[in-house]
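Asker: Below you'll find the structure I mean.
In the numbering used here, the protein residues as written are 285 to 400.
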């Protein structure tokens, strides 16, 4: 049964091409918002806290600071409203899920950039 579900997901779900990114990277996600009959593009720029799942059910969580309040948003990888993802900075972290980042403030909340 599980292999049947995986087969259907691989065959019929359209995959979009996004750049490689992981935890610690600063990315900008452009997505479409519908307000009544109008549609507009909005962006969300922040640090990737985690990527979870695989295949069509994969999601990623982004955290940004809005004033002094932390805002997190979870995006499915194959959300139809996702238009593009830009990687702004590659971060150097040692973990795949950086939940400890939520408790950091000020200079401790900086992530060093990975060398190319």
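From the three backbone atoms N, C-alpha and C, an ideal C-beta is built for every residue, glycine too.
Since this is a predicted model, take the numbers as computed values, not measurements.
Nearest by alpha-carbon distance to residue 393: which of 382, 399, 367 is it?
Answerer: Mapped onto the chain shown, residue 393 falls at position 109. For the residues 382, 399, 367, the minimum Cα distance to residue 393 belongs to 382.
Asker: Could you please give me the residues that DSSP links to residue 334 through a beta bridge?
Answerer: Locating residue 334 in the chain shown gives position 50, counting from the first residue. DSSP lists 345 as the bridge partner or partners of residue 334.
Asker: Can you give the Cα-Cα distance for residue 323 and residue 317, rounded to whole angstroms?
Answerer: For this step, residue 323 is matched to residue 39 along the chain shown. For this step, residue 317 is matched to residue 33 along the chain shown. Cα-Cα distance, rounded: 6 Å.
Asker: Strictly under 8 Å for the Cβ-Cβ distance: is residue 356 near chain B by that measure?
Answerer: Protein chain content of the structure displayed is limited to a single chain, and chain B is not contained in it.
Asker: Considering residue 362, what are the terminal residues of the beta strand (DSSP E) in which it resides?
Answerer: Numbered from its first residue, the chain shown carries residue 362 at position 78. Neither: residue 362 is in no beta strand (DSSP E) and is coded neither H nor E.
Asker: Hey, is residue 294 close to the ligand PLP, as in C-beta under 7 Å from one of its heavy atoms?
Answerer: For the structure depicted, the ligand PLP is absent and the ligand set is empty, with no information on it obtainable.
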